[in-house]
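This report concerns only the one structure given below.
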Amino acid sequence: MLGGRLLVNLALFQNDVSGLQLSNGVTLTNPFTGALQNDTATVNIGEARTRGIEAEVMYQATRWLQLSGNYAYTDAKVLAGTEASQGSVFGGDTSVAGFELTRSPTHSAALSAAVDLPIQGSAMRFVSRVDVVYQSRRYADLKNLIWADPFTRVNLNAGVRGKNWRVVAFVRNATDDLTAGNAFPYVDANTFRRTAVDFPVRMRQFGVTGSYDF
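The opening position of the sequence shown corresponds to residue 1 in this note's numbering, with each subsequent residue numbered one higher.
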């Protein structure tokens with residue numbers, strides 16, 4: 001639109017998942033003694049669905065400034081299935097139907113501004129970009145009791161370029177946001193208690209990159 005200066009993309013999606021892997025109690029037969037043994041195993045018995053909308057907008061505001069943004073809404077839920085440990089948390093009810101899938105943020109968004117400006121009196125151009133990325137809560141377990149908090153990351157870069165080369169300085173995670181990128185549950189081998197581990201993120205980083213096109 002607007003003579004090619006504005007680009008808009010929209011997408012609706014739905015994915016149906018069968019054979020969702022869930023942890024359930026199973027009865028095993030010892031092949032040597034014939035004795036029965038109760039254990040826990042991961043089995044493909046669940047059903048899930050993810051659906052939502054994605055939107056992308058790119059706008060060439062001027063010859064040297066481009067603005068862009070994207071947003072995604074994802075409704076990711078278990079439709080059917082049971083988890084062995086679910087009953088101990090919810091009074092015997094082992095169903096996980098209705099809970100959100102793990103590591104799937106409901107809301108994701110990013111905003112960007114990119115500059116490519118000629119430098120007067122030279123053949124070089126000044127280039128710069130800022131990106132702001134957001135994700136909402138991501139659950140680490142199907143009981144939705146463990147999660148990683150929402151985060152916002154800011155990345156910056158600026159430099160110069162010629163016809164076939166570029167030198168750019170960058171700052172990643174400029175605000176030094178240490179919110180966990182994600183999490184996962186596990187059983188502590190010492191106490192046999194269920195707990196969780198956060199995925200640590202990189203602290204603020206500085207650097208310089210260079211490239212040359214042959």
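Ideal Cβ positions, reconstructed from N, Cα and C, are used throughout, including at glycine. Model, not experiment: these values are computed from the prediction.
Across the set 202, 165, 158, 120, the C-alpha of 202 shows the shortest separation from the C-alpha of residue 173. Taken through DSSP and simplified to helix, strand or coil, residue 112 comes out as strand.
When the beta-carbon positions are compared, residue 83 and residue 20 stay at least 8 Å from each other. Beyond the five residues adjoining it in sequence on each side, residue 61 comes within less than 7 Å, by CB distance, of 67 in the same chain, given in chain order. Under the three-state reduction of DSSP output, residue 2 falls in the helix class.
Annotated three-state conformation of residue 95 is strand, per DSSP. Buried is the label assigned to residue 139, since at least 16 other Cβ atoms lie within 10 Å of its Cβ. Straight-line spacing of the CA atoms in residue 51 and residue 157 works out to 34 Å. Closest option to residue 197, judged by alpha-carbon separation, among 148, 175, 212, 57: 148. The shortest C-alpha to C-alpha distance from residue 132 to any of 69, 169, 107 is the one to 69. Spatial neighbours of residue 179 in its own chain (CB-CB distance under 6 Å, excluding positions within 5 residues in sequence) are listed in chain order as 149, 151. With respect to the 8 Å criterion, residue 170 and residue 207 are classified as neighbours on the basis of their beta carbons.
Residue state for residue 88 is assigned as helix, using DSSP reduced to three classes. With 16 or more other Cβ atoms from the protein chains shown falling within 10 Å of its own Cβ, residue 22 counts as buried. CA-CA distance, residue 194 to residue 85, rounds to 10 Å. Distance check between residue 117 and each of 89, 98, 63 places 63 closest, using alpha-carbon atoms only.
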